[in-house]
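For the sequence shown, position 203 matches number 202 in numbering that gives the first Met the number 0, and the numbering has no gaps at all.
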Amino acid sequence: MRGRRKHWSLQQVLQLCQRKTCILLLGLISIGTFASLTFHGAGRPVLRRSLPVTAVLDWLSFTPPSQEEEDRNVVSKKFEFVIQVLAYDRYDSLRRCLRSLAIADYGSDTVNLVVHLDHFKPLSSDPVERNLQQARQLLNFLDRFKWPHGSKQVHYRTQNVGLQVQWLEAWWPSSDHQFALVVEDDMQLSPLYYRYVRSVIAKYYYDPANFDPSIFGITLQRPRFVPGKGGNRIALDNSTRLFLYQLVGTWGQILFPKPWREFRQWFDEHKTKEIEPIIDGMVTTDWYKKLGNNIWTPWFLKFVHSHGYFNVYTNFLRGRALSVSHRTRGVNYHKDAGPDSKLIKRHGTPDIDMWEIPALSTLKWYDYCFHQVFRNRLLNGFKHLEALLSDIHSENEVILVNSVGVDDGLVRNWLCQMAVLRTKNYLLLGRDYNTSSELARRGHPVLLTDE
0 MRGRRKHWSL QQVLQLCQRK TCILLLGLIS IGTFASLTFH GAGRPVLRRS LPVTAVLDWL
60 SFTPPSQEEE DRNVVSKKFE FVIQVLAYDR YDSLRRCLRS LAIADYGSDT VNLVVHLDHF
120 KPLSSDPVER NLQQARQLLN FLDRFKWPHG SKQVHYRTQN VGLQVQWLEA WWPSSDHQFA
180 LVVEDDMQLS PLYYRYVRSV IAKYYYDPAN FDPSIFGITL QRPRFVPGKG GNRIALDNST
240 RLFLYQLVGT WGQILFPKPW REFRQWFDEH KTKEIEPIID GMVTTDWYKK LGNNIWTPWF
300 LKFVHSHGYF NVYTNFLRGR ALSVSHRTRG VNYHKDAGPD SKLIKRHGTP DIDMWEIPAL
360 STLKWYDYCF HQVFRNRLLN GFKHLEALLS DIHSENEVIL VNSVGVDDGL VRNWLCQMAV
420 LRTKNYLLLG RDYNTSSELA RRGHPVLLTD E
């Protein structure tokens, strides 16, 4: 015989929620939705708008964050997070994407949503009336869609602009504390993605001991692609949870404000001057030569390459990730290709600790060929020179490159040629500390000299 179910009064639940962070769900079964009251510590309850029943069922199964996680997950009071969804003509995909975002765990944070809906192409082979009907269906869905975590905006374009413009014009940071998640409409996000991203931002952006200006963002997708021709296969040991890789991850990319602002200005300058984003030995260069301005990634890869930026990647083993691309038929795929990874569900990863965010100094850094990059090898004088030479020597030969008095552009061009030739057994001799430090930050070994 089953025990008698205990019924909690509203007052008892309110008292419980004053002692710890929780979500009080008030059932409105008759209309198929739930309203929610969010509490944080001793704060006043905040009434949230209604959510679909499916969202509530997922919420009920969340593993609450531990006190240790709460203590280390500290960000600035100015911290903002905005979601930019890039949509086109895939109704079912967009609905799946937005619902996955809606049921994610945002705690008590306010997270705003912006949906950018591209217009259908004027010369499409489909009848105009069908395109108009499809656009109305998408707009009606977006108008009805409830976003309980903050504001919702819909940007419906008057003409077709394509993915490059959709990405580039999706976001301009309002401050150095605003971060953006950019997702295309065939994406599906883990309910735990925001908790994880917030922890990484707290560690690598707001913690002075772990901050590095070389990081341009965080990607949620599983690492699976090496753009450098003849590069290494992605091989990570099972203990690696996080690493730095230069490649942008378009299947769920979180962008940091300063690098993205810098990239947009860099793009304007290079596009205006008709400087093409060519990097020798890269698959993406072939893409650019074939597709031109239909894609944006070659531009960003060139920017990252020239500025020495890196992206935070995860490694959750067994093909798991916090975001999944369903690779639905569309601009990039001529037919449905199916999910690229296994989505981490609300119960997390029981076999590994996905919540441990290690010190930045313990992480490995990789370039576009997935060669490990050893950064900040800057020697002031000849102390420790023997150890550095043994680290970079190849067949007992080391190329000494004197950059003293040489134009920075010539030095960078030479280094680019060394990268094309896969040559790493060189040592730069420099005199200017700032220039030498910048080269060392990008992974080039430098010896400061007075001669």
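C-beta atoms are modelled at their ideal positions from N, C-alpha and C, and glycine is treated no differently.
Buried or exposed (CB count within 10 angstroms, at least 16 for buried), Arg135
Translated into the one-based positions of the sequence shown, residue 135 becomes position 136. It counts as exposed.
Member of Gln220, Pro297 and Lys120 whose CA lies at the smallest distance from the CA of Glu183:
Within the sequence shown, numbered from 1, the residue matching residue 183 stands at position 184. For Glu183, the nearest C-alpha among the options comes from Gln220.
Do Trp428 and Val405 have their CB atoms nearer than 8 Å?
Here the question's residue 428 lines up with position 429 in the sequence shown. Here the question's residue 405 lines up with position 406 in the sequence shown. As written in the sequence, residue 428 is Leu, which differs from the Trp given in the question. No; because the gap between Cβ atoms is not below 8 Å, this pair is not in contact.
Using DSSP with H/G/I as helix, E/B as strand and the rest coil, what is Asn111?
For the purposes of this step, residue 111 is taken as residue 112 along the sequence shown, with counting starting at 1. In the structure shown, Asn111 sits in a strand (DSSP, three-state: E or B).
Three-state secondary structure (DSSP) of Gly318
On the sequence shown, position 319 is the one that residue 318 refers to. Of the three classes helix, strand and coil, the one that applies to Gly318 here is coil, per DSSP.
Identify every run of the beta strand (DSSP E) within the stretch 234-297, keeping only runs that are complete inside it and at least 3 residues long; order them along the chain.
241-244 and 252-254
Quick check: the Cα distance between Trp171 and His148, rounded to an integer number of angstroms?
Residue 171 sits at position 172 when you count from the first residue of the sequence shown. Residue 148 sits at position 149 when you count from the first residue of the sequence shown. Taking the straight line from one Cα to the other gives about 21 Å.
Helix, strand or coil, according to DSSP, for Phe299 in the structure here?
Along the sequence shown, one-based indexing puts residue 299 at 300. If DSSP states are grouped into helix, strand and coil, Phe299 belongs with the helices.
Proximal residues to Thr284 (C-beta, below 6 Å), its chain only, five neighbours per side dropped
Along the sequence shown, read from residue 1 onward, the residue named residue 284 stands at position 285. Within the same chain, Thr284 has close Cβ partners Ile277 and Ile278.
Could you check whether Tyr203 and Leu359 sit closer than 8 Å to each other, using their CB atoms as the reference points?
Indexing the sequence shown from 1 puts residue 359 at position 360. Indexing the sequence shown from 1 puts residue 203 at position 204. It is a contact, given that the beta carbons lie within the stated cut-off.
Could you tell me the distance, in whole angstroms, from the CA atom of Phe266 to the CA atom of Pro349?
Within the sequence shown, numbered from 1, the residue matching residue 266 stands at position 267. Within the sequence shown, numbered from 1, the residue matching residue 349 stands at position 350. Using only the alpha carbons, I get a separation of about 43 Å.
Would you kindly work out how many angstroms separate the C-alpha atoms of Ile214 and Gln158, rounded to a whole number?
As a first step, residue 214 must be located in the sequence shown, where it is residue number 215. As a first step, residue 158 must be located in the sequence shown, where it is residue number 159. Cα to Cα, Ile214 sits roughly 35 Å from Gln158.
Near the ligand COA: Gly229 beta-carbon under 7 Å from a heavy atom
As far as ligands go, the structure on display features none, and thus does not contain the ligand COA.
Out of Val74, Thr361 and Val445, which one is the CA nearest neighbour of Ala201?
Here residue 201 corresponds to residue number 202 of the sequence shown, with the count starting at 1. The residue with the shortest Cα to Cα distance from Ala201 is Val74.
Collapsed DSSP secondary structure at Thr361 in the structure displayed
Translated into the one-based positions of the sequence shown, residue 361 becomes position 362. Thr361 falls in the helix class under three-state DSSP.
Whole-angstrom distance between Phe302 and Ile274, CA atom to CA atom:
For this step, residue 274 is matched to residue 275 along the sequence shown. For this step, residue 302 is matched to residue 303 along the sequence shown. Using only the alpha carbons, I get a separation of about 12 Å.
Own chain, CB closer than 8 Å to Arg260, minus 5 neighbours either side, in chain order
Mapped onto the sequence shown, residue 260 falls at position 261. Hits under 8 Å: Trp171 and Pro172.
Is the beta carbon of Leu246 sitting closer than 8 Å to the one on Leu362?
Taking the sequence shown and counting its residues from 1, the one referred to as residue 246 is at position 247. Taking the sequence shown and counting its residues from 1, the one referred to as residue 362 is at position 363. Not closer than 8 Å, so no.
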